[in-house]
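The structure appears right after this line, and notes come after that.
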Amino acid sequence: MTRVLVVDDEPQTGRALVSYLEAREYEVDVAADGATGLRLAAARNPDVIVLSLGLPDMDGVEVLRELRGRTRAPILVLSARSSSDEKAEALDAGADDYVTRPFDMDALLALLGAVVRRAEPTEPTQGGVGGDGSEDEVIVETEEFTVDLAAKKVDRAGRDVRLTPTEWHLLEVLVRNTGRLVGQKQLLQEVWGPSYGTESNYLRVYMAQLRRKLEADPSHPRHFITEPGTGYRFER
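Residue numbers (full-length UniProt numbering): 1 to 236.
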């Protein structure tokens, strides 16, 4: 069973989430504050975390950063804050997606299922290595890093690069289209789902994170190229 950690200080929201999730055969742990949430995340090893930013004891973004430093589990943020800057801050801190209160419970559960699926391991690809970024290629090498598509791993200078599930999914889509422009809408829909298409700030934040982790000079990227107003391209 998929284990969900809900960190939310609103009792009504917590009860509703527990009811809906358990009815769909999720295992659920609930924390009403940030400190308890961090303890439960360490003790229970959740598969996915639902995190409110409005917590009584700690800043929600700081809790998010702490969680992201400890776990690769996808993190879905709930917040009444709706500005683009606030969403970008949460994404930059490690959130996999952002839901604005008030929200529709069915839509939230659909999104929760989507982030869990993005984090699931995939079966190794059968066939040879194409050498040109084609979809049957398993290992993609650059001078700075190596991407193992089958193992969902990135190695840089002999060390495993820690990517969130969303960072990995974005990287995977770009790498499988090496040398080809991938439009913003296509990226959003492949990584976040079919209901997305205009949230270009998501892409800006996550591309910046990939560049910080993988580019030798993130301010002058060699591998993750922006085509202004159009999309992105991965080059070796």
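Even for Gly, the Cβ is constructed at its ideal location relative to N, Cα and C.
N-terminal and C-terminal residue of the alpha helix (DSSP H) that residue i is part of
i	result
Ser200	200 to 214
Ser19	11 to 23
Pairwise C-alpha distance: residue j and residue i
i	j	result
Met58	Val115	25 Å
Leu38	Leu67	7 Å
Leu109	Arg212	31 Å
Tyr202	Leu55	24 Å
Pro228	Leu187	14 Å
Gly133	Lys153	Residue placement at Gly133 is poorly supported in this model, since its pLDDT is 49, which falls under 50; the coordinates still yield a value, given next. Approximately 16 Å between the Cα atoms of the pair.
Ala35	Glu120	27 Å
Tyr20	Gln12	12 Å
Glu143	Arg118	28 Å
Pro102	Glu10	12 Å
Arg15	Val61	23 Å
Ser219	Arg24	45 Å
C-beta contact flag for residue i and residue j at 8 Å
i	j	result
Val99	Leu91	no
Ser79	Ser52	yes
Arg180	Arg233	yes
Ala73	Val48	yes
Leu17	Val7	no
Glu215	Arg222	yes
Glu167	Leu210	yes
Leu76	Asp96	yes
Gln184	Ser200	yes
Continuous beta strand (DSSP E) stretch holding residue i: start and end
i	result
residue 251	Limits of the chain in this structure are 1 at one end and 236 at the other, which puts residue 251 out of reach.
Glu227	224 to 227
Val140	139 to 141
Thr230	Note, Thr230: premise wrong, no beta strand (DSSP E); not H, not E.
Own chain partners of residue i with C-beta closer than 8 Å, once the 5 adjacent residues on each side are dropped
i	result
Ala42	Arg70
Glu22	Val28
Contact set for residue i: own chain, Cβ-Cβ below 7 Å, skip 5 residues either direction
i	result
Thr125	Note that Thr125 has pLDDT 41, beneath the 50 cutoff, so the model's placement of it is unreliable and the number below is only indicative. For Thr125, where only same-chain residues beyond five positions count, the Cβ hits under 7 Å are Asp136, Val138, Leu149, Ala150.
Gly193	Ala114
Pro190	Note that residue 190 corresponds to Glu in the displayed sequence, not to Pro. The residues are Val173.
Residues near residue i in its chain [Cβ-Cβ closer than 6 Å; skip 5 each side]
i	result
Asp155	Thr146
* Asked: Fully enclosed by the UniProt domain "Response regulatory" (3 to 116), which alpha helix (DSSP H) runs are 4 residues long or longer?
  -> Fully enclosed alpha helix (DSSP H) runs of 4 or longer: 11 to 23, 34 to 44, 60 to 70, 84 to 93.
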